[in-house]
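Count along the sequence shown from 1, then add 6; that gives the number in the working numbering.
Glycine residues also receive a C-beta, built at the ideal position from the N, C-alpha and C atoms.
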Amino acid sequence: MPIQSQAAREAVGAVPGIPTDADGPVFRAPWEAHAFAMALTLYERGVFTWSEWAAALAEEIARAQGAGDPDTGETYYQHWLATLEKLVAAKGVTSAETLHRYRDAWDRACDRTPHGRPIELRPEDFE
């Protein structure tokens with residue numbers, strides 16, 4: 007399916023390393039597409055520019071490589087997500103503390119949810 011949004015086309019042109027095929031970005035798992043879509047939405051809302059995003063992503067990838075990431079392409083969207091989290095915290099969209107709180111809540115919700123069932127956050131997941 008071809009790239010549909012102008013923002014997605016801009017991202018592919020402005021951000022080096024996005025895995026693509028003839029139709030546009032390629033994702034190995036649904037969460038990668040979700041991370042990509044979140045970045046597009048934040049870009050469209052003016053939270054950051056693509057050049058700002060590309061610089062932050064390059065910094066995150068260099069940090070990961072310095073820590074031993076083999077740079078095989080399999081971790082690209084892990085770096086994308088880490089960059090997304092850092093930028094939204096730096097821009098004041100949310101805090102790093104809130105991101106960690108929600109990540110922990112999702113982990114608890116995942117742990118109690120049987121395979122194949124929808125994961126639902128409950129108030130106790132935040133305790």
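Taking all protein chains shown into account, decide if residue i is buried (16 or more other Cβ within 10 angstroms of its Cβ) or exposed.
i	result
E66	buried
L127	exposed
A96	exposed
A73	exposed
F132	exposed
M7	With a pLDDT of 46 at M7, under the threshold of 50, the predicted position of this residue should be treated as unreliable, and no value is reported.
R123	exposed
W112	exposed
P36	exposed
I'd like to check one pair, residue j with residue i: are the Cβ atoms closer than 8 Å?
i	j	result
T89	L48	no
A70	H85	yes
A28	L46	no
W56	V94	no
A41	L87	yes
Could you give the uninterrupted runs of the alpha helix (DSSP H) lying entirely in the segment 8-51, keeping only those of 4 residues or more?
Those alpha helix (DSSP H) runs which fall completely within the segment 8-51 and span 4+ residues are 12-20, 36-50.
In chain order, each alpha helix (DSSP H) run of at least 4 residues that lies wholly inside the segment 50-124:
Taking only runs of at least 4 residues, the alpha helix (DSSP H) segments lying wholly in the segment 50-124 are 56-72, 82-96, 102-118.
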